[in-house]
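**Q** Once you've had a glance at the structure underneath, I'll fire off some questions.
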Amino acid sequence: MEPGEVRLTREICGLPHCARPHGRPVLSGASPPVQFSLSRSGDLAVVALATVPVGVDVESRAFRHPDSPLDGMIRRLHPAERAALARLPPAQREEGFLSCWVRKEAYLKGTGTGLPGGLARHCVGLAAELAPGGRGPAPTPRGWTFLDLDLPPGHRAALAVAQVIRGNFPTLFHLTPREISDSLND
Numbered sequence: 019m020e021p022g023e024v025r026l027t028r029e030i031c032g033l034p035h036c037a038r039p040h041g042r043p044v045l046s047g048a049s050p051p052v053q054f055s056l057s058r059s060g061d062l063a064v065v066a067l068a069t070v071p072v073g074v075d076v077e078s079r080a081f082r083h084p085d086s087p088l089d090g091m092i093r094r095l096h097p098a099e100r101a102a103l104a105r106l107p108p109a110q111r112e113e114g115f116l117s118c119w120v121r122k123e124a125y126l127k128g129t130g131t132g133l134p135g136g137l138a139r140h141c142v143g144l145a146a147e148l149a150p151g152g153r154g155p156a157p158t159p160r161g162w163t164f165l166d167l168d169l170p171p172g173h174r175a176a177l178a179v180a181q182v183i184r185g186n187f188p189t190l191f192h193l194t195p196r197e198i199s200d201s202l203n204d
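All the letters of the sequence shown, read from the start, carry residue numbers 19 to 204 under the working numbering.
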């Protein structure tokens, strides 16, 4: 496909009882179909490409507004996630919340519903290294695989893919802005 042939369209919204085309953006005309998601926090951007629905989110560890108390944000999560966060030592609670938040936002982007899709409706768990007992508080949504991305210090990100993936995960590339610019100019 030539660059000039790339067209962005919108899928039908993933919310129940909504049939308007304001869902996930898609690349139309690509064969096989290309699904994508992107997220930015500060000077860091993450892009995910797949042949199945995919969502990605990145946040700075300083993303929370100082006037937004952590407890108020935690109350918006699924009950199992709230319980898992309550079991963490207080010093780990904010990091646990952030791990859950990026997983949840990646999943909701992947489903095409976004945040209106329900923060408390879906349980995506915490990153394995933070979850009490070394595992998430409840099974993740059926048919979805989550990957907590390894990023530069000060950031946390997650990828959600609408496919069960066992073994090797998709290839991940870490590119600097210069590498991206150079690849576009080749």
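Glycine residues also receive a C-beta, built at the ideal position from the N, C-alpha and C atoms.
Are the region 106-117 and the region 133-141 touching by the rule of at least three beta carbon pairs closer than 8 angstroms?
**A** no
**Q** Tell me the residue span of the beta strand (DSSP E) that contains Val76.
**A** Taking the sequence shown and counting its residues from 1, the one referred to as residue 76 is at position 58. First-last of the beta strand (DSSP E) with Val76: Val72 to Ser78.
**Q** Would the beta-carbon of Phe54 fall within 8 angstroms of that of Leu67?
**A** In the sequence shown, the residue the question calls residue 54 occupies position 36. In the sequence shown, the residue the question calls residue 67 occupies position 49. Yes, these two residues count as a Cβ contact at 8 angstroms.
**Q** Nearest CA to the CA of Pro43: which residue from Gly90, Thr27, Gly73 and Ala109?
**A** Here residue 43 refers to the residue found at position 25 when the sequence shown is read from its first residue. With distances taken between Cα atoms, Pro43 lies closest to Thr27.
**Q** Kindly indicate which residue of Thr131, Ala102 and Val64 has the alpha-carbon position closest to the one of Ile198.
**A** Taking the first residue of the sequence shown as position 1, residue 198 is located at position 180. Checking every option, the nearest Cα to that of Ile198 belongs to Val64.
**Q** Please state the DSSP three-state secondary structure of Asp168.
**A** On the sequence shown, residue 168 is found 150 positions in, with the first residue counted as 1. Asp168: coil per DSSP, three-state reduction.
**Q** Taking the straight line between their C-alpha atoms, what separation do you get for Arg121 and Val182?
**A** Along the sequence shown, read from residue 1 onward, the residue named residue 121 stands at position 103. Along the sequence shown, read from residue 1 onward, the residue named residue 182 stands at position 164. One C-alpha to the other measures close to 16 angstroms.
**Q** Is Arg200 buried or exposed, if buried means 16 or more other CB atoms sit within 10 Å of its CB?
**A** Sequence index remark: in the sequence shown, residue 200 carries index 182 (1-based). The residue you asked about is not Arg; residue 200 is Asp in the sequence shown. Exposed, since its Cβ has fewer than 16 Cβ neighbours within 10 Å.
**Q** In three-state DSSP terms, what is Arg196?
**A** Working through the sequence shown from its first residue, we reach residue 196 at position 178. Reduced to three states, the DSSP call for Arg196 is helix.
**Q** Taking only three categories from DSSP, how would you classify Arg111?
**A** Mapped onto the sequence shown, residue 111 falls at position 93. Reduced to three states, the DSSP call for Arg111 is helix.
**Q** Taking its Cβ as the centre, do 16 or more other Cβ atoms sit within 10 Å of Thr129, making it buried, or is it exposed?
**A** The residue labelled residue 129 in the question sits at position 111 within the sequence shown. Flag for Thr129 reads buried.
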